[in-house]
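Down below is the structure, laid out as structure tokens.
In my numbering, the protein residues as written are 239 to 309.
Here it is as structure tokens:
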């Protein structure tokens with residue numbers, strides 16, 4: 239009997255790198271575009287929705303990218 243029996247062979251696809259990479263680029267874009275708006279809101283002392291929107295969106299997409307890269 240051979241060591242490479244047909245029953246023991248299984249096809250497994252390699253994980254795609256495109257998903258986490260694309261999500262990481264979106265997170266970087268959000269950080270680059272949102273950082274000046276957040277900084278201006280903090281400097282002016284006028285809290286607006288950008289103080290919550292950009293950090294939460296960046297954090298959520300960042301966690302998604304990390305979670306996808308581990309699986």
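Backbone N, C-alpha and C fix where the C-beta goes; we use that ideal spot for every residue, glycine too. Remember, it's a predicted structure, so these values are computed and weren't measured experimentally.
For my contact list, residue i and residue j are in at a C-beta cut-off of 8 angstroms; report their separation, rounded to the angstrom.
i           : j           : result
residue 272 : residue 296 : 7 angstroms
residue 305 : residue 257 : Residue 305 to residue 257, Cβ: 11 angstroms. No contact.
residue 288 : residue 276 : 6 angstroms
Let me know the secondary structure DSSP gives residue i once reduced to three states.
i           : result
residue 306 : helix
residue 281 : helix
residue 287 : coil
Going by CA-CA distance only, name the one from the options that's closest to residue i.
i           : options       : result
residue 302 : 280, 291, 262 : 262
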